[in-house]
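When the letters of the sequence shown are read in order and numbered with full-length UniProt numbering, they come out as residues 1 to 323.
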Amino acid sequence: MSALSTPRPGVVTVTLNAAIDQTLDVPGFAAGAVNRAVAETRTAGGKGINVAAFLAGASLAGGAVPVTATGILGEENIAVFDALFRRRGIRDRCLRLPGRSRVNIKLVDREGRSVTDINLPGLHVPAESWRGLLTVVDDLAVTNRTFVLSGSVPAGVPDTAYAEMVTALHRRGAFVVVDASGPPLRHAVAARPDMVKPNAAELAELLGRPLKDRAEVVRAARELSESGIALVVVSLGAEGAVFVEGGRALLAVPPPVEVASTVGAGDAMVAGVVAARLEGMGLEDCARRGTAFAAGTLSRLGPELPPSERLAELMRAVRVEEL
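Here is the structure:
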């Protein structure tokens, strides 16, 4: 993990399939019935955008770390992304294409503790735009050494997208995190990024076998780590997450929190781990920070962290077990 054990300039997040998350607070939501929302929020989303927002909002011991967002956005509904970048001080290196970024509708029923997702289709990315983005990423690697590649791959972009980026960024000496699923994750893993963060279902799909309990998840995470990926984080929802590095495995369990929405919790975990590594923290502190970030965002709508005092409380309350 030497790439993050010493100070490095800047973090870049890459979001190929950005989205606007429209969250509707619908008490007692019922399919096939008339439902009334009591609140609505629209936030710039997509996994990499979320990670950038969490990192830009985090307080790091060494001070603010420059955060750059790149990826692909639609011109027709760009305002919400521009507003987020201005508000959080995120450097914008995203490409704009004709059309609209996809909209993900989240129906949140706090009474029933459920979230229903309706994801609309996104942009089709021409080949020349994909090549243009690769050029932007390579240019950013000259002055940035930490890259987070997150989320799904839109139409027009090959499933090998993240694998290509991992290989190119490693040539530049970058530390690369991948948070994806399906074929894009499978190809990326073959390129050996420095960190991956699947959930248990995504890990099972990647390895082509069911993972029936936590012990099997831990064995699978160790297997992935031994293949050459320095840090493997497997999120387990309310049960916490498994962290495997260098033959060591930890389980981090969050304290109980009131859940407003689970949207973005995995992205918050990635941001927490990256933030901890930027401060030179070891595996246990990374597990605490990542789990506290994820727990802290559960009580909020949109990519928002609680105040630093609350995050510190959550970090202390995270239970870490050696496995």
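Just so it is clear, CB atoms sit at the ideal spot from N, CA and C, and this is done for glycine as well. Bear in mind the structure is a predicted one, so any value in this text is a computation, not a measurement.
- The stretch 174-190 makes contact with the stretch 145-159; the number of CB pairs closer than 8 Å reaches 3 or more.
- DSSP places Thr291 in the uninterrupted alpha helix (DSSP H) bounded by Leu283 to Leu298.
- With distances taken between CA atoms, Ala268 lies nearest to Leu311 out of Leu311, Val65, Glu226 and Ile72.
- Residue burial is scored here from C-beta neighbours: His124 has fewer than 16 other C-beta atoms within 10 angstroms and is therefore classed as exposed.
- Taking 4 residues as the minimum length, the alpha helix (DSSP H) runs contained wholly in the stretch 146-176 are 161-171, in order along the chain.
- When secondary structure is reduced to three states using DSSP, Asp82 falls in the helix class.
- With 16 or more other Cβ atoms from the protein chains shown falling within 10 Å of its own Cβ, Asp194 counts as buried.
- Here Leu97 is bridged, per DSSP, to Gly74.
- DSSP places Ser227 in the coil class of the three-state scheme, outside both helix and strand.
- Judged by DSSP in its simplified three-state form, Thr135 adopts helix.
- For Ala69, DSSP records a beta bridge to Thr13 and Asp92.
- Using a Cβ-Cβ distance cut-off of 8 Å, the stretch 155-170 and the stretch 20-30 are not in contact, since fewer than three pairs of beta carbons, one from each stretch, lie closer than that value.
- By the neighbour-count criterion, in which a residue is buried when 16 or more other Cβ atoms sit within 10 angstroms of its Cβ, Pro306 is buried.
- Taking 9 Å as the cut-off, the beta carbon of Ala18 is found closer than this to the beta carbon of Gly48.
- Taking the Cα of Ala190 as reference, the smallest distance to any Cα among Asp109, Ala201, Val178 and Asn199 is reached at Val178.
- Residue pairing from DSSP places Asp25 in a beta bridge opposite Ala39 and Val108.
- Residues of the same chain with a CB within less than 7 Å of the CB of Ala265, apart from the 5 flanking positions on each side, are Ala294, Thr297 and Leu298 in chain order.
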